[in-house]
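For the sequence shown, the UniProt record's numbering begins at 1 and goes up steadily by one.
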Amino acid sequence: MIQAHVSNELFQRAQNSIPGGVNSPVRAFRAVGGNPRFMVSAKGPYLFDEDGNQFLDLINSWGPMILGHAAEVVQEAVQKAIPDSLSFGAPTRKEIEIAELIVSMVPSIEKVRMVNSGTEATMSAIRVARGYTGRDKIIKFEGCYHGHGDSFLISAGSGAITLGVPDSPGVTKGTANDTLTAPYNNLDAVKMLVEANKGQVAAIILEPVAGNMGLVTPQLSFLQGLRELCDKEGIVLIFDEVMTGFRLAPGGAQEVYGVTPDMSTLGKIIGGGMPVGAYGGKKELMDYVAPAGPVYQAGTLSGNPIAMSAGMAMLTYLKDHPETYTQLEQISAKMVAGMQQNLQQLGLNYTINRIGSMFSIFFTQEKVVDFDTAKTSDTALFGRYFNSMLQRGIYLAPSQYEALFVSTAVTEDLVAQYVQANLEALQEAHQ
Ligand code: PLP
1 MIQAHVSNEL FQRAQNSIPG GVNSPVRAFR AVGGNPRFMV SAKGPYLFDE DGNQFLDLIN
61 SWGPMILGHA AEVVQEAVQK AIPDSLSFGA PTRKEIEIAE LIVSMVPSIE KVRMVNSGTE
121 ATMSAIRVAR GYTGRDKIIK FEGCYHGHGD SFLISAGSGA ITLGVPDSPG VTKGTANDTL
181 TAPYNNLDAV KMLVEANKGQ VAAIILEPVA GNMGLVTPQL SFLQGLRELC DKEGIVLIFD
241 EVMTGFRLAP GGAQEVYGVT PDMSTLGKII GGGMPVGAYG GKKELMDYVA PAGPVYQAGT
301 LSGNPIAMSA GMAMLTYLKD HPETYTQLEQ ISAKMVAGMQ QNLQQLGLNY TINRIGSMFS
361 IFFTQEKVVD FDTAKTSDTA LFGRYFNSML QRGIYLAPSQ YEALFVSTAV TEDLVAQYVQ
421 ANLEALQEAH Q
């Protein structure tokens, strides 16, 4: 039995000074029951908590740690940069280098602006789209999460679902009215929305592979159809690749599916674990951004030299080591094949969605293609499964509506350990 005395005490204490005891809601474990574990360090595939427990980590800081924790290549770059000062608030050579690298890797990006989070990236991208088109409305998809910007907290995924606030108080009616929503993978619904709001839609924003309602992959025809529709109607197509960027391929989901949006938003891996986001796209759109153009967007710490050094090291490694993606594919496929075998052995029929190193199990027999089908999953069963896995030293995302992220630090031995834990946890969760 894994002990959690110190974590439990810290969680009690945290609640006196931090709302809900955490700095991001999903960390509080509310969707799965029990208390969160407080971490002290991490190395390779493992997290170590305040009680001295070791966990095989399948969240990897919600995506960034694609090479496992404390990857040498990133740590070294950060250590090398620190003596030169932590921030200048003035331009640096590193910012040009990372911008050039991103442009060389991501098909849709001709120019890029660095920000400090995925939320900032998506907020800024729709502002550019609105400024460029002179239109107010945006279309997003039910169950997609684009950070906590007001315009996106409408039918939002991730922590917003598990907390039961997919439409958050505090978002004004005016803002909500400008966000139209459609079911994921449903091109006809989007066409109807565009028709009903002719000439008013500035942008269609989506996760090209959705990871915030659990993992849901797009139909290729859906992505292609959106591309055609946006071309026809003068709408800016934005792929939010905060999760998928540099994870599914060096050029993200747009490279995998061969569909190029007008703009892309990035985060997570781009900072190698430091707080970084970015938005970029066609020159004519990005030249609308201040000071080149009239759309204002700024940041005291944007392009921070330590963060840029971490990101540069991470992206350079991924660009120079394309075999990383083959390795991630193989390891993740083995994990999921093991889970499928376990389900078969136990006579259970649940849905597992996977692409590359992202996957989710849904406790439903339905094919999960959008938010409605994702919601058919038995979340109480997921909670029991999650806690059984945690007791076996496997740290999963504490919510049904999240994807797991595999890192290159997961070895064959760890796959075997994971698959065995999965078998036992499935059994225990059904008792
Ligand atoms: N967009 C997507 C697809 C995300 O998954 C997230 C965060 O999980 C965000 C945007 C927001 O990024 P951040 O949490 O860095 O603000």
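Heads up, the beta-carbon is just placed ideally off N, CA and C, and yes, glycines get one too.
In this text, all values refer to a predicted model and were calculated from it rather than measured experimentally.
Worksheet item: Who are the Cβ neighbours of T376 in its own chain at under 7 Å, not counting the five residues just before and after it?
Response: T364 and E366
Worksheet item: Where do the ends of the beta strand (DSSP E) carrying P351 lie?
Response: Contrary to the premise, residue 351 reads as Thr rather than Pro in this sequence. It spans T351 to I355 - the beta strand (DSSP E) in which T351 sits, taken as one unbroken run.
Worksheet entry | C-alpha distance - L396 paired with L404, whole-angstrom precision | 7 Å
Fill in: Other residues of its chain near G164: CB distance less than 7 Å, five sequence neighbours each side excluded
Reliability of the predicted coordinates at G164 is poor, the pLDDT of 48 falling under 50, and no value is obtained from them.
Practice prompt. Would you kindly work out how many angstroms separate the C-alpha atoms of E9 and G383, rounded to a whole number?
Written response: 22 Å
Item to complete: Would you mind stating whether M308 and R113 have Cβ atoms separated by less than 9 Å?
Response: no
Worksheet item: Where does L404 fall in DSSP's three states?
Response: strand
Worksheet item: T364 by DSSP, collapsed to three states: which one?
Response: coil
Discussion item. If I measure Cβ to Cβ from P107 and keep anything under 8 Å in the same chain, skipping five residues before and after, which residues do I get?
Written reply: G251, Q254, E255 and T260
Worksheet entry | Residues near I59 in its chain [Cβ-Cβ closer than 6 Å; skip 5 each side] | A397
Discussion item. With a threshold of 8 Å (Cβ to nearest heavy atom), would Y257 be considered close to ligand 1?
Written reply: no
Worksheet item: Of all the options L348, M105 and T326, which has the alpha carbon lying nearest to the alpha carbon of G356?
Response: T326
Worksheet entry | Three-state class that DSSP yields for G164 in the structure shown | Residue placement at G164 is poorly supported in this model, since its pLDDT is 48, which falls under 50; the coordinates are not used for a value here.
Worksheet item: For the beta strand (DSSP E) that contains K43, what are its first and last residues?
Response: M39 to K43
Discussion item. Checking the sheet assignment: what are the DSSP bridge partners for I138?
Written reply: T179 and A203
Fill in: Nearest-angstrom Cβ-Cβ length linking L67 and S407, presumed shorter than 8 Å
6 Å
Practice prompt. Return the residue from the list I269, N387 and G199 that minimises the CA-CA distance to A71.
Written response: I269
Worksheet item: With which residues is R113 paired in a DSSP beta bridge?
Response: Y279
Item to complete: Can you tell me which of the three DSSP states A298 falls into?
Response: coil
Fill in: Sequence-ordered residues whose beta carbon comes within less than 5 Å of a heavy atom of ligand 1
S117, G118, T119, H146, G147, E207, D240, V242, M243 and G267
Item to complete: Measure the C-alpha to C-alpha separation of G147 and P83 and round it to an integer number of angstroms.
Response: 33 Å
Worksheet item: Which residue from L426, L423 and V410 puts its Cα closest to that of F55?
Response: V410
Item to complete: Specify, as a first and last residue, the run of the beta strand (DSSP E) that S17 falls within.
Response: Here S17 belongs to no beta strand (DSSP E); instead the alpha helix (DSSP H) covers H5 to S17.
Worksheet item: Alpha carbon to alpha carbon, what distance is there between V40 and F11?
Response: 14 Å
Worksheet item: Are the stretch 118-133 and the stretch 202-212 touching, with three or more C-beta to C-beta distances below 8 Å?
Response: yes
Worksheet entry | Residue from V209, N304 and G134 with nearest C-alpha to Y288 | G134
Worksheet item: Under a three-way DSSP split, which group does A337 fall into?
Response: helix
Worksheet item: Thinking C-beta only, is L180 closer than 9 Å to L229?
Response: no
Item to complete: Could you spell out where the beta strand (DSSP E) holding I238 opens and where it closes?
Response: V236 to D240
Worksheet item: Can you tell which of E142, A333, L318 and V171 has the C-alpha that lies nearest to the C-alpha of M65?
Response: L318
Worksheet entry | Rounded straight-line distance, which links the Cα of A28 to that of N197 | 39 Å
Fill in: Whole-number beta carbon distance between M274 and I306, since they are thought to touch under 8 Å
6 Å
Worksheet item: Contact check, L266 vs V242 under 8 Å by CB: the rounded distance?
Response: 6 Å
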